[in-house]
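First residue of the sequence shown: 800, per my numbering; consecutive thereafter.
Note that beta-carbon positions come from the ideal geometry of N, C-alpha and C, so glycine has one too.
Everything numeric in this text was worked out from a predicted model, so none of it was measured.
Structure, as structure tokens:
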Amino acid sequence: MSLFNFNPKLSEKAEAAEESLQEAFYRIDEKCRHNSQKVLKAFIGNNVGEMHLKGTTGYGYGDDGRDKADRVFADIMGAEDALVRYNFVNGTHAISTMLFGILRPGDTMLSVTGAPYDTLEQVISGDKGGSLKEFGVKFEQIDLLEDGKPDLEEIKKKSKAAKMVYIQRSRGYSLRPSLNVSAIAEICEAVRGAGSNAVIAVDNCYGEFCEYVEPTSVGADVIVGSLIKNPGGGICSTGGYIAGKHDLVELCANRLTTVGTGKEVGCSLGMQNRELFMGIYNAPLAVANALKTAVFASAFFKELGFETFPKQEEYRTDIITSIKLGSPERLIAFCEGIQTYSPVDSSAAPEPWDMPGYNCQVIMAAGCFTMGSSIELSADAPLREPYAVWLQGGTSYYGAAAGIIGAAQRLLDKNLLTL
Ligand SMILES: *Cc1c(COP(=O)(O)O)cnc(C)c1O
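So, in structure tokens, the structure goes:
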């Protein structure tokens, strides 16, 4: 029974979709149980106390909460060390800090999963001043094979000459499959098998807690992500992280602050530490809710006659679902529906705009407590073929599922959908 006036046929289809997902939900719950225990164990093992939840000011020397959060996060990620900071302004900043922290003039960064995420183009080879290219860092790319799998033969050939092998786990704005942790393990084996000592770096955005282990447990040297996505649990209001080998994390800290101060400085204003610990603690549950939302969206929109990626029964390594809606009108209506059924700014109307870094207009719907947060239910789409929407998040499955039915209702209201 819904408290909203959804078309009864739509509600029926939603119920049927949910009915078909009981086993998928069970698997998500089991993963959530495992990852929640992993997080709890790290809190207990590191003896997190009330004192660590408090803020500091000024230089932040001896900020025990900040240092404790690094330790807890490293343990959760199966890494030697971590740099978890609200001072990272977004995921791109954390990735950029990692790249500039580790790469030196003359080095080659070898991306083995095709073109990196859109916002990194400027960082790597942009003309706005200060890109890696300007500092003499070379960039090379190996595309994924037709079937979306990494080209292990090419990787073996080229990784020896590279300083860094760069992997993007999630699909970004493409319809390629995301790379699960076992595929990342295969890349790591190929790289080491070829006798390469390259640093293996993973853009881990949207992947955290979607599987039982993270890439750092299967051979990746360093992973990076955003705290307004999965690992912030819907509670962190800003920030990012870098986790991995101790020496690499040190280099990144030198880049984030200064050489000589590294991880030792940076105060935790106000309630930042408390938010960070609460967010990490909540993250496996938030991700489980987002995963349920994702499989529900796949199943429901398939019932409605649309193609979805991945399909409901496919294994998931991230929280993203894309739905091929087939026309700009449907894209816009879908985003309007998501916005209308959001807890914040439900009366706002999303509109396509010329977002920097994209070659076409982009529309985004998000009624979130944290601006731009995408662990909360959000949808976005570039207005170009194949007119697919990228949907992610949902810190409460029940609220998010209503939002998705609401998006379908909007399509119906505008005569863009027949039942
Ligand atoms: C979100 C994301 C990033 C970083 O984007 P920000 O908006 O700067 O946080 C990088 N790579 C991928 C694959 C992402 O999904």
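Following a CB-centred definition, is residue i positioned closer than 7 angstroms to any heavy atom of ligand 1?
| i | result |
| --- | --- |
| Cys-1004 | yes |
| Thr-918 | yes |
| Lys-927 | no |
| Gln-967 | yes |
| Gly-947 | no |
| Gly-891 | The question names Gly, but residue 891 in the sequence shown is Thr. For ligand 1, at least one heavy atom lies less than 7 angstroms from the Cβ of Thr-891. |
| Ser-981 | no |
| Ser-1025 | yes |
| Gly-1031 | no |
| Ile-843 | no |
| Gly-864 | no |
| Gly-1192 | no |
| Gly-1078 | no |
| Lys-937 | no |
| Ile-894 | yes |
| Lys-840 | no |
| Lys-1220 | With the chain running from 800 to 1218 in the structure shown, residue 1220 is simply not present. |
| Lys-867 | no |
| Lys-1091 | no |
| Lys-837 | no |
| Lys-808 | no |
Check whether the Cβ atoms of residue i and residue j lie closer than 8 angstroms to each other.
| i | j | result |
| --- | --- | --- |
| Ile-1118 | Ala-1089 | yes |
| Tyr-1005 | Thr-1092 | no |
| Phe-887 | Gly-994 | no |
| Ala-1052 | Ala-878 | no |
| Tyr-965 | Val-911 | yes |
| Val-838 | Ala-1082 | yes |
| Ala-816 | Glu-1102 | yes |
| Tyr-1080 | Phe-842 | yes |
| Ile-1034 | Gly-1018 | no |
| Ser-819 | Ala-1098 | yes |
| Tyr-972 | Trp-1152 | no |
Going by DSSP, name the residue or residues bridged to residue i.
| i | result |
| --- | --- |
| Phe-1108 | Ser-1121 |
| Asp-1179 | Met-1163 and Trp-1189 |
| Phe-938 | Met-908 |
| Ile-1041 | Leu-882 and Val-1023 |
Please determine whether the Cβ atom of residue i lies at a distance below 7 angstroms from any heavy atom of ligand 3.
| i | result |
| --- | --- |
| Gly-971 | What this structure holds is ligand 1, not ligand 3. |
Practice task
Entirely within the segment 946-1029 and at least 4 residues each: give me those alpha helix (DSSP H) ranges in chain order.
Solution key: Fully enclosed alpha helix (DSSP H) runs of 4 or longer: 951-957 and 980-992.
Handout entry: Inter-stretch contact at 8 angstroms, needing at least 3 Cβ pairs: the segment 1125-1137 / the segment 1178-1192
Key = A contact exists between the segment 1125-1137 and the segment 1178-1192.
Practice task
Determine, using beta-carbon pairs with one atom in the segment 941-952 and one in the segment 865-884, whether at least three such pairs fall under 8 angstroms.
Solution key: No: the two stretches stay apart, fewer than three of their Cβ pairs being nearer than 8 angstroms.
Practice task
Evaluate contact between the segment 1191-1204 and the segment 1134-1149, counting only Cβ atoms and requiring at least three cross-stretch pairs below 8 angstroms.
Solution key: The segment 1191-1204, when compared against the segment 1134-1149, does touch it at the 8 angstroms Cβ threshold.
Practice task
Kindly confirm or deny that the segment 1056-1069 and the segment 917-930 touch, where touching means at least three C-beta pairs closer than 8 angstroms.
Solution key: By the Cβ test, the segment 1056-1069 is not in contact with the segment 917-930, since fewer than three Cβ pairs between them sit closer than 8 angstroms.
Handout entry: Touch test, the segment 903-912 against the segment 961-969, Cβ-Cβ under 8 angstroms, three pairs minimum
Key = The answer is yes - the segment 961-969 touches the segment 903-912, with three or more Cβ pairs under 8 angstroms.
Exercise for the section: Determine, using beta-carbon pairs with one atom in the segment 1142-1162 and one in the segment 1009-1020, whether at least three such pairs fall under 8 angstroms. Expected result: These segments do not touch.
Exercise for the section: Indicate whether the contact test is met: 3 or more Cβ pairs, each with one atom in the segment 1105-1117 and one in the segment 976-989, closer than 8 angstroms. Expected result: Yes, the segment 1105-1117 touches the segment 976-989.
Practice task
For the segment 855-871 and the segment 1022-1038, state whether three or more C-beta atom pairs, one from each stretch, are separated by less than 8 angstroms.
Solution key: Between the segment 855-871 and the segment 1022-1038 there are fewer than three C-beta pairs closer than 8 angstroms, too few to call the two in contact.
Problem - contact_flag[the segment 802-815, the segment 984-999] where n(CB pairs < 8 angstroms) is 3 or more - result: The count of Cβ pairs closer than 8 angstroms, one atom from the segment 802-815 and one from the segment 984-999, stays below three, leaving the stretches out of contact.
Problem - Given 8 angstroms, three or more beta-carbon pairs between the segment 890-904 and the segment 1038-1055 - result: They touch, by the three-pair rule.
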